[in-house]
Amino acid sequence: MVAYNFKQQFAPLIRSGAKQQTIRARRKNRHAIAGEPIQIYTGMRTKSCIKLIDPDPLCRAVLPISIDGVEVLIDGTPLMGEELEELAVEDGFNSFKELAEFFKPRMPFEGVLIAWGDWQPYWTSV
């Protein structure tokens, strides 16, 4: 089982079910695998650690994502127009511009989109 830590700003969205995905950099140890439970926290490794979802939700998908500030590819599919805005909102931002600003120091970004709960893809496959 894999645990993920979230900034406090995302906690209300996660608890309400409005945020059911996260974008993460690749890491040495593995990410979640679709079908396995994941643990979702804020404040991990601190006295104020809180588990945000209980019971643990199942991972729905782990998809490669790249972000360069203008273009986003998820599993090789480019997101267009409203799909970029939907990506941002689903990830807890108000707009794609806000999401791009958040990732700007890490661009070009290569990582994975990890989804749980009732999440469904919101982009059109090519």
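Heads up, our numbering is the position in the sequence shown plus 10, with the first residue counted as 1.
Glycine included, C-beta positions come from ideal geometry on N, C-alpha and C.
In this text the structure is predicted, and so the values were computed from the model without any measurement.
Per-residue DSSP class, three states only, for residue i
| i | result |
| --- | --- |
| PHE20 | helix |
| PRO115 | helix |
| LYS57 | coil |
| ALA44 | coil |
| GLU96 | helix |
| ARG34 | strand |
| GLU120 | strand |
| SER105 | coil |
Neighbour-count burial assignment, residue i, 16 or more Cβ in a 10 Å radius
| i | result |
| --- | --- |
| GLU111 | exposed |
| GLN18 | exposed |
| ILE10 | Here the chain comprises residues numbered 11 to 136, so residue 10 is not present and cannot be evaluated. |
| PRO118 | exposed |
For residue j and residue i, the rounded distance between their alpha carbons
| i | j | result |
| --- | --- | --- |
| PRO115 | GLU81 | 16 Å |
| ILE77 | PHE103 | 15 Å |
| PRO47 | ARG40 | 14 Å |
| ASP128 | ALA13 | 19 Å |
| LEU23 | LEU62 | 10 Å |
| ILE124 | ASN15 | 13 Å |
| THR52 | THR134 | 32 Å |
Same chain, Cβ closer than 6 Å to residue i, neighbours up to 5 away in sequence not counted
| i | result |
| --- | --- |
| TYR132 | GLU96 |
Same chain only: Cβ atoms within 7 Å of residue i, ignoring 5 sequence neighbours per side
| i | result |
| --- | --- |
| GLY79 | ALA110, LYS114, MET117 |
With three or more C-beta pairs closer than 8 Å as the rule, is the region 93 to 102 touching the region 16 to 34? yes
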